[in-house]
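Each remark here refers to the structure printed beneath this line.
In our numbering, the protein residues as written are 23 to 127.
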C-alpha cells in the first residue's frame with residue numbers, strides 16, 4: 023500500500039506485463055489483477071491514464087499469448103522484447119508522447 027500511495031502523485035501509469043505466460047501465469051489475469059488492486063485502493067488510481075507494455079515477445083508462444091491478451095483485455099499494448107532489443111525505440115517514443123499528453127492542461 024505504501025507504493026500505491028506513492029503513485030497517487032503520478033498523472034499516468036505504465037503497466038509492464040510478462041506476456042510469456044511462464045510459470046503458468048495468465049498475462050490477462052495479471053493485468054486484470056493490477057487493475058483491480060488500483061481500483062480497490064481508490065483515490066482515483068484506477069482512473070488514471072495507462073500505457074500497457076507487454077514484454078518477453080521473444081518467448082515461444084508469445085504471439086499467441088498477445089492475441090489472447092488483446093482480446094481479453096481490450097487493450098492495444100505495446101509489444102517489446104528486452105532480450106532481443108525489439109520495440110524499444112517505439113517504447114521510448116511512445117513514453118515521451120504519453121508523458122507530453124499527460125502534461126497538457
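Virtual Cβ for every residue (Gly too), placed ideally from N, Cα, C.
- Message: By DSSP's criteria, residue 100 is part of a beta bridge. Which residues make up the other side?
- Response: Working through the chain shown from its first residue, we reach residue 100 at position 78. DSSP, once it has assigned bridges, lists 75 as partnering residue 100.
- Message: Just to confirm, is the Cβ distance from residue 105 to residue 116 under 8 Å?
- Response: Position 83 of the chain shown, counting from 1, holds the residue named residue 105. Position 94 of the chain shown, counting from 1, holds the residue named residue 116. Contact: no.
- Message: I'd like to confirm the pairing. Which residues does DSSP put opposite residue 40 in its beta bridges?
- Response: In the chain shown, residue 40 corresponds to position 18, counting from 1. Looking at the DSSP assignment, residue 40 forms a beta bridge with 77.
- Query: How about residue 91 and residue 41: do their beta carbons lie closer than 8 Å?
  - Reply: Your numbering for residue 91 matches position 69 in the chain shown. Your numbering for residue 41 matches position 19 in the chain shown. Result yes, Cβ atoms of residue 91 and residue 41 sit closer than 8 Å.
- Beta-carbon gap between residue 79 and residue 103 smaller than 8 Å: To locate residue 79, count along the chain shown from 1; it is residue 57. To locate residue 103, count along the chain shown from 1; it is residue 81. For the pair residue 79 and residue 103, the CB atoms are nearer than the 8 Å cut-off.
- Item | Contact check, residue 39 vs residue 52, beta carbons under 8 Å | Sequence index remark: in the chain shown, residue 39 carries index 17 (1-based). Sequence index remark: in the chain shown, residue 52 carries index 30 (1-based). Result yes, Cβ atoms of residue 39 and residue 52 sit closer than 8 Å.
- Under a Cβ-count criterion, where at least 16 other Cβ atoms within 10 Å of its own Cβ denotes burial, should residue 24 be classed as buried or exposed? For the purposes of this step, residue 24 is identified with residue 2 of the chain shown, where counting begins at 1. Under the 10 Å beta carbon count, residue 24 is surrounded by fewer than 16 other beta carbons and is classified as exposed.
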